[in-house]
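Structure first, commentary second.
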Amino acid sequence: MDPQAAIASGRLPWLLREQPELAAAKDANGVSILLLARYHRNAEATAALIAAGAPITPLEAAALGETALLEGADLSVRSGDGFTPLHLAAFFAGPETVRAILAAGAPADADAVNRFKGRPIHGAAAAGDIESVAALLEAGANPNVQQEGGYTPLHTAAHTNSRELVELLLRHGANPALADDEGVMPRDMATDEDVRALFNP
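Put into structure tokens, the structure is as follows:
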């Protein structure tokens with residue numbers, strides 16, 4: 001059964017009893033069903049897969065925030081859709097896991113090998129995870145890096161009206177005049193006037 005369909009069915013615990021091999025399934029891109037469950041933020045499916053013995057590589061461990069499982073692991077591996085453990089930790093797990101991966105020597109600015117071209121800092125900003133963004137910046141992440149569409153972390157921070165995140169990025173050298181591919185400035189994406197005011201000279 002297709003892993004995506006299995007998760008979407010809402011019957012994954014039952015399916016795992018009938019087809020235990022499903023716990024090790026991967027989609028057409030080679031992404032594990034456990035990682036897909038995390039992508040969907042489906043706690044029930046995630047728990048069922050772990051209970052069924054789904055394999056946990058550094059990728060799943062990073063997405064789950066299982067920092068202890070990352071000790072001594074190869075942190076340069078990539079998921080079938082092009083992400084490193086640091087990308088996954090930055091979006092899903094939080095600052096403790098992000099710091100652990102950075103401390104183990106993972107590059108803060110690893111590029112996703114897919115059309116999105118996102119960096120870990122883009123994921124942390126999208127998740128609204130200020131501590132992870134700060135950890136990445138302290139480790140040398142570029143605050144002005146652009147992903148698909150020309151979006152910078154500052155665009156995301158403004159779009160979500162996160163005053164604290166906008167201030168953090170500006171303090172670390174984010175360029176408020178760096179437009180996306182459509183010519184939209186970060187300030188233009190904010191709807192909160194207090195956040196928009198942060199961009200005033």
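So the sequence shown is numbered by UniProt numbering: it starts at 1 and just counts up by one. Positions of the beta carbon are idealized from the N, C-alpha and C atoms, including for glycine.
(request) Determine contact between the region 52 to 59 and the region 105 to 125, defined as no fewer than three beta-carbon pairs at a distance below 8 Å. (result) Short answer: they don't touch.
(request) Identify which residue in L198, T191, R163, T160 has its Cα closest to the Cα of P176. (result) Here the question's residue 176 lines up with position 176 in the sequence shown. Closest option to P176, Cα to Cα, is L198.
(request) Provide the residue span of the alpha helix (DSSP H) that contains Y151, from first to last. (result) Working through the sequence shown from its first residue, we reach residue 151 at position 151. Segment: none, Y151 is in no alpha helix (DSSP H) and carries neither H nor E.
(request) Note down the Cα distance separating A100 from A90, rounded to an integer number of angstroms. (result) As a working note, residue 100 is residue 100 in the sequence shown. As a working note, residue 90 is residue 90 in the sequence shown. Approximately 11 Å, taken between the alpha carbons.
(request) For the region 44 to 54 and the region 81 to 98, state whether three or more C-beta atom pairs, one from each stretch, are separated by less than 8 Å. (result) no
(request) Give the single residue among V166, R78, N114, L12 whose Cα lies nearest to the Cα of A134. (result) Within the sequence shown, the letter at position 134 stands for residue 134. For A134, the nearest C-alpha among the options comes from V166.
(message) Looking at the secondary structure, which residues open and close the alpha helix (DSSP H) in which D194 lies?
(response) Numbered from 1 along the sequence shown, position 194 holds the residue referred to as residue 194. Note, D194: alpha helix (DSSP H), 193 to 197.
(message) Using the three-state DSSP reduction, which class does S162 fall into: helix, strand or coil?
(response) Within the sequence shown, numbered from 1, the residue matching residue 162 stands at position 162. Three-state DSSP puts S162 in coil, outside helix and strand.
(message) If you reduce the DSSP assignment to three classes, tell me which class S32 lands in.
(response) Within the sequence shown, the letter at position 32 stands for residue 32. Strand at S32.
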